[in-house]
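Numbering-wise (this note's numbering), the sequence shown opens with residue 619 and increments by one.
Structure record follows, encoded as C-alpha cells.
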Amino acid sequence: MNVCRSLPCGDGGDCRDLWNKYECDCKPRYGGPDCALYGCSLVNQCPRNTTCLDVGENYECLHPVTFNGSASSAKFTFISNVNVSLDVSLRVRTRQSSTMLIEVSSNSTDSSTWDLPTDE
C-alpha cells in the first residue's frame, strides 16, 4: 500500500513511501512531520512574551513596551549560535530631553551604547 497516495505532506512537500510509513521532504521554511510548520512556528526563535510575524522570507519578533521610570528596561536575547545578520528597528518617543536609549552588547567584552538626542 502506498501511504503517499493520500498526500500527507502538506504545502508541496515530497512524500517518500517507506515500509508501512512515510517521510516528508519539505520545501524551504517548512518543516515538521507533515510539512505543516512554516516560518515562525518552525524556527521558534522569538523570546517569550513576543509575537512572531512572518515577513517574506524572514520573520520579525514584535514586543510592545512602556517604560515608566529611570530604571525601566527591555532585554532581547538572541537564542541562536548561528552567525547571522540581525536587523533591529525601534519606534520611540520620550518626554525627557536627555536619556540613554539603547545599549547593545554581546557575550564578549565588546558593547556599545548609543545616546540619541531628542528634539525639545
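A virtual CB, placed ideally from N, CA and C, is assigned to each residue, including glycine.
These figures come from a predicted structure and were not determined experimentally.
query: Through-space distance from H681 to G674, alpha-carbon basis; result: 19 Å
query: Any C-beta of chain B under 8 Å from that of N686; result: Absent from the structure is chain B; it holds one protein chain and no more.
query: Local conformation of V743 per DSSP, three classes; result: The first residue shown for the chain is 619 and the last is 738, placing residue 743 beyond what the model contains.
query: Cβ neighbours of R647 in the same chain (closer than 8 Å, five flanking residues each side left out); result: Y656, G657, L660 and E675
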